[in-house]
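Count along the sequence shown from 1, add 15, and you get the number used in the numbering used here. Even glycine gets a Cβ: it sits at the ideal position worked out from N, Cα and C. Given the structure is predicted, the values throughout are model-derived calculations rather than measurements. The structure under discussion appears below in the form of structure tokens.
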Amino acid sequence: MGKWVSNTLILGKRCMYTKGLIFLNGTGVELHQSLLLRAYRGEKTARPPVWFMRQAGRYLPEYRELRKKHSMLEAIRTPELAAEITLQPLKRFEFDGSIIFADILTPLIEMGVELDFVEKEGPKIFNPIRSSADVERLVIPDPTTNAAYTFHAIEIVSRELSNRNIPLLGFCGAPFTLASYLIEGGGSKSLLATKRFMFTEPEAWAKLQQKLVAVLSGYLIEQARHGAAALQIFDSWLGYLNPGQFERWVVPGLKALITAVKAATDVPIIFFSTDSSTLLPQIKELGADVIGVDWRVPLSAADRLLGSRFPLQGNLDPTALFGSRDYLEKEVRQVIESGRELKSHIFNLGHGILPETPIANVEFVIGLIKSISQ
């Protein structure tokens with residue numbers, strides 16, 4: 016197992032932590048001194064650390080080659096495959112952080128959700144929620160075994176990356192976004208079914224949020240216990256709500272989730288949502304440590320709306336990676352320049368990297384960022 020030494024659980028040459036503990040890499044250097052974790056703590060760094068959302072995935076030929084042999088669920092549920100995919104971009108690019116290859120929906124499977132990823136359609140839920148009875152049937156699984164394949168993958172990757180002083184991020188979907196998938200049964204252009212359920216079944220909606228908070232808090236805490244050095248919450252569909260709807264139907268669940276995770280672990284919590292700049296004055300009260308910003312709002316404007324209290328992560332438009340080198344350099348420099356005025360800045364995209372993204376432009380952006388000193 017390991018032993019406790021001065022409040023630190025030593026596991027071989029590496030240690031993982033929940034509350035009050037530190038990470039050590041294989042040389043004894045504390046991982047929390049890495050560029051990324053320093054920026055997440057609000058420290059000014061010589062340059063912004065950089066990683067990309069969805070940096071492991073379809074834009075890489077080695078990923079596409081692997082996926083010819085394995086389905087999406089198989090890749091996620093086989094720890095060695097998930098670890099290999101997670102590490103693929105780190106073999107090509109000098110990212111300062113990594114994020115585990117998983118999907119926001121997989122923790123729902125053991126709740127009784129029938130899920131698959133359909134070619135050219137994306138995630139599909141075959142027993143969607145249509146009534147309060149459907150909410151009641153959802154079970155809350157043991158957090159130590161729910162999606163345990165992801166925890167195992169995190170252990171593999173964090174061991175690999177610790178000697179390179181590269182933190183690994185874990186993540187989950189937010190209660191609202193996952194509830195929307197459960198109710199819609201997949202993607203949606205209006206979230207009509209979700210919003211109708213919220214408005215007409217308030218008690219069932221509250222119960223659904225409570226169950227999701229219970230599952231997701233355990234899921235995030237276990238990721239930290241197995242080696243994730245930071246945790247990101249994705250609320251991808253938040254932009255469908257106005258401030259009043261957000262406050263009434265979503266904020267209680269988000270606050271409960273973040274509070275529960277913070278009670279058990281000291282790892283930074285990043286909150287990311289899309290098309291939600293009108294909600295930033297409320298987002299700043301959720302309790303997250305870092306706010307991810309999409310490309311639709313300038314970093315300076317987001318910072319003002321957030322009260323200049325947070326490290327910000329973002330926010331290059333993913334489609335800028337398809338532009339000419341001159342255009343791309345201008346956009347990257349603009350993001351970096353905006354980041355200089357922040358408490359601290361982590362360079363990222365304003366959403367996930369797109370499948371057709373030119374690999375050479377990813378390499379160009381990383382090299383450019385690393386050549387610029389703050």
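### Query
Can a CB atom of chain C be found closer than 8 Å to the CB of residue 69?
Included in the structure is just one protein chain, with no chain C present.
Practice problem: Leaving out five residues on either side along the sequence, give the residues of the same chain with a beta carbon under 7 Å from the beta carbon of residue 208. | Solution: Along the sequence shown, one-based indexing puts residue 208 at 193. If we look at residue 208 and ignore the five residues flanking it on each side, its Cβ neighbours are 198, 199.
>> Beta-carbon within less than 8 Å of residue 86's beta-carbon, same chain only, minus the 5 sequence neighbours each way: which residues are those?
In response: In the sequence shown, counting from the first residue as 1, residue 86 sits at position 71. Excluding positions up to five away in sequence, the list reads 132.
Closest by CA to residue 216, which one among 315, 144, 112? Looking up residue 216 in the sequence shown gives position 201. Taking only the C-alpha atoms, the option nearest residue 216 is 144.
May I have the straight-line CA-CA distance separating residue 195 from residue 252, to the nearest angstrom? Mapped onto the sequence shown, residue 195 falls at position 180. Mapped onto the sequence shown, residue 252 falls at position 237. So the alpha carbons of these two residues sit roughly 8 Å apart.
Notebook entry, point to check: residue 320 to residue 357, Cα distance in whole Å?
Noted result: Here residue 320 refers to the residue found at position 305 of the sequence shown. Here residue 357 refers to the residue found at position 342 of the sequence shown. If I take the Cα positions, the gap works out to 12 Å.
Exercise for review: Within the same chain, show all residues whose beta-carbon is closer than 6 Å to that of residue 32, passing over the 5 residues directly before and after it, in chain order.
Suggested key: Residue numbering aside, residue 32 sits at position 17 when the sequence shown is read from its first letter. With a pLDDT of only 42 at residue 32, under 50, the local geometry of the prediction cannot be trusted, and no value is derived from it.
Practice prompt. Using three-state DSSP, classify residue 115 as helix, strand or coil.
Written response: Taking the first residue of the sequence shown as 1, we reach residue 115 at position 100. If DSSP states are grouped into helix, strand and coil, residue 115 belongs with coil.
| message | For residue 359, list the residues DSSP reports as bridge partners. | response | Residue 359 sits at position 344 when you count from the first residue of the sequence shown. For residue 359, which the question treats as bridged, DSSP gives no partner whatsoever.
* Asked: Does the region 269-287 come close enough to the region 137-156 that 3 or more CB-CB pairs lie under 8 Å?
  -> no
Within the continuous alpha helix (DSSP H) that includes residue 376, where are the two ends?
In the sequence shown, residue 376 corresponds to position 361, counting from 1. Residue 376 -> alpha helix (DSSP H) spans 374-386.
Note to self: Out of 342, 275, 359, which one is the CA nearest neighbour of residue 380?
What the structure shows: One-based indexing of the sequence shown puts residue 380 at position 365. For residue 380, the nearest C-alpha among the options comes from 342.
**Report entry** Reference residue 258; option with closest CA among 241, 298, 226, 247
**Finding:** The residue you call residue 258 lines up with position 243 of the sequence shown. The residue with the shortest Cα to Cα distance from residue 258 is 298.
**Q.** Simplified DSSP assignment, three categories, for residue 139
**A.** By 1-based counting over the sequence shown, the position of residue 139 is 124. The answer is strand: DSSP assigns residue 139 an E or B state.
Exercise for review: Quick one: using the 10 Å Cβ neighbour count with 16 as the cut-off for buried, is residue 141 buried or exposed?
Suggested key: Position 126 of the sequence shown holds residue 141. Flag for residue 141 reads exposed.
**Run of the beta strand (DSSP E) containing residue 305, from where it starts to where it stops** = One-based indexing of the sequence shown puts residue 305 at position 290. That run of the beta strand (DSSP E) goes 305-307.
### Task
Within 10 angstroms of the Cβ of residue 161, are there 16 or more other Cβ atoms? Answer buried if so, exposed if not.
In the sequence shown, counting from the first residue as 1, residue 161 sits at position 146. Buried, since its Cβ has 16 or more Cβ neighbours within 10 Å.
N- and C-terminal bounds of the beta strand (DSSP E) containing residue 276:
Here residue 276 refers to the residue found at position 261 when the sequence shown is read from its first residue. Unbroken run through residue 276 is the alpha helix (DSSP H), 266-279; no beta strand (DSSP E).
*So, helix, strand or coil for residue 191, using DSSP?*
Numbered from 1 along the sequence shown, position 176 holds the residue referred to as residue 191. Helix.
**Message:** Do residue 65 and residue 362 have their beta-carbon atoms positioned less than 8 Å apart in this structure?
**Reply:** As a working mapping, residue 362 is identified with position 347 in the sequence shown. As a working mapping, residue 65 is identified with position 50 in the sequence shown. The answer is yes: Cβ separation under 8 Å.
Quiz prompt | Cα-Cα separation between residue 166 and residue 246, rounded to whole angstroms | solution = For the purposes of this step, residue 166 is identified with residue 151 of the sequence shown, where counting begins at 1. For the purposes of this step, residue 246 is identified with residue 231 of the sequence shown, where counting begins at 1. If you take the alpha carbons of residue 166 and residue 246, they lie about 13 Å apart.
Could you round the C-beta distance between residue 182 and residue 51 to whole angstroms and report it? I think they count as a contact, below 8 Å. Position 167 of the sequence shown, counted from the start, is the residue given in the question as residue 182. Position 36 of the sequence shown, counted from the start, is the residue given in the question as residue 51. That belief holds up - the Cβ atoms of residue 182 and residue 51 are roughly 5 Å apart, short of 8 Å.
| Where residue 369 sits in the DSSP three-state scheme | What you label residue 369 is simply residue 354 of the sequence shown in a count that begins at 1. Reduced to three states, the DSSP call for residue 369 is coil.
Could you spell out the range, first to last residue, of the beta strand (DSSP E) harbouring residue 233?
To locate residue 233, count along the sequence shown from 1; it is residue 218. First-last for residue 233: 217-240, but that is the alpha helix (DSSP H), not the beta strand (DSSP E).
Alpha-carbon to alpha-carbon, residue 130 and residue 139 = Within the sequence shown, numbered from 1, the residue matching residue 139 stands at position 124. Within the sequence shown, numbered from 1, the residue matching residue 130 stands at position 115. Looking at the two C-alpha atoms, the distance is approximately 6 Å.
Could you tell me the boundaries of the beta strand (DSSP E) in which residue 288 lies?
Taking the first residue of the sequence shown as position 1, residue 288 is located at position 273. That run of the beta strand (DSSP E) goes 284-288.
Thinking C-alpha only, which one of 273, 332, 279 is nearest residue 305? On the sequence shown, position 290 is the one that residue 305 refers to. Here the closest residue by C-alpha is 273.
Taking the C-alpha atoms as reference points, what is the distance between residue 225 and residue 300? As a position in the sequence shown, residue 225 is number 210, starting the count at 1. As a position in the sequence shown, residue 300 is number 285, starting the count at 1. Going from the Cα of residue 225 to the Cα of residue 300 covers about 19 Å.
Pick from 212, 330, 115, 128 that is closest to residue 171, judged by C-alpha positions
By one-based count along the sequence shown, residue 171 stands at place 156. The shortest C-alpha separation from residue 171 is found at 115.
Practice item. Please work out which residues of its chain come closer than 6 Å, Cβ to Cβ, to residue 369, disregarding the five sequence neighbours upstream and downstream, and give them in chain order. Key: Mapped onto the sequence shown, residue 369 falls at position 354. Correct list, in chain order: 333.
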